[in-house]
Structures are given as structure tokens and as C-alpha cells.
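Data first, discussion second: the structure below is written as C-alpha cells.
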């Protein structure tokens, strides 16, 4: 009743080439992810580190909390920032978000 089954050969590409072609979209996604997300983020982090390392006494900065002030003292890990006359706060160096142009605080008052 049941006859013999014969395997039919397909005329497609060899199995090795098809395996590589199936990985091509995944590889392309990783390349796009690197170019549009990872690389710009690494560049921004490098620029921020350079800015923090270059801070000097007298620079005007904005902290992560939005506090605007002038640097009065610098140590390895902390800064003293004058936020008002005779009012200073201590913050970590990494809390500095932006270096402002000289004279910005006077223009705010």
C-alpha cells in the first residue's frame, strides 16, 4: 500500500551560502546601531570628560541640578561654587553639565 518515498533535490543555493545570507540583516543592524547610537554617545562622553578635566577657578558653570555659579576652589573630586555673594556650595566635578561663557552670571542678574 505505501510506496517508497524518494527525496527530490531542489535547484536552490547551497546550504553554506544561504546561512551567510540569513545573518546579513543582523550584521547590518549592528553596523547601523554602532554608527547612529554607540559612536556619537562615546564622542559626547569624551567631550564631557575633557570639559570636566579643563575646569579652572573662575569658570562659570551649570550643575546637573540647574544651579548656576562661579568656581572658587577645585580639588580632585569636588568643586566649590559661589552661587550668590558669600554663599558657596560643594559639588562633585562630574555634576558640572555645562561651561558657560564669561560674564553670563552678570547678564542673568
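In my numbering, the protein residues as written are -1 to 107.
In this text, a Cβ means the ideal position worked out from N, Cα and C, and glycines have one as well.
Item, Value
"Would you call the segment 39 to 46 and the segment 70 to 85 touching, i.e. three or more CB-CB distances under 8 Å?", "no"
"So if DSSP puts residue 76 in a beta bridge, which residue, or which two residues, is it bridged to?", "90"
"Measure how close the beta-carbons of residue 95 and residue 61 come, nearest whole angstrom, since I'm counting them as under 8 Å.", "6 Å"
"Can you grab the Cα-Cα spacing for the pair residue 85 / residue 33, in whole Å?", "45 Å"
"If you draw a straight line from the alpha carbon of residue 16 to that of residue 24, how long is it in whole angstroms?", "14 Å"
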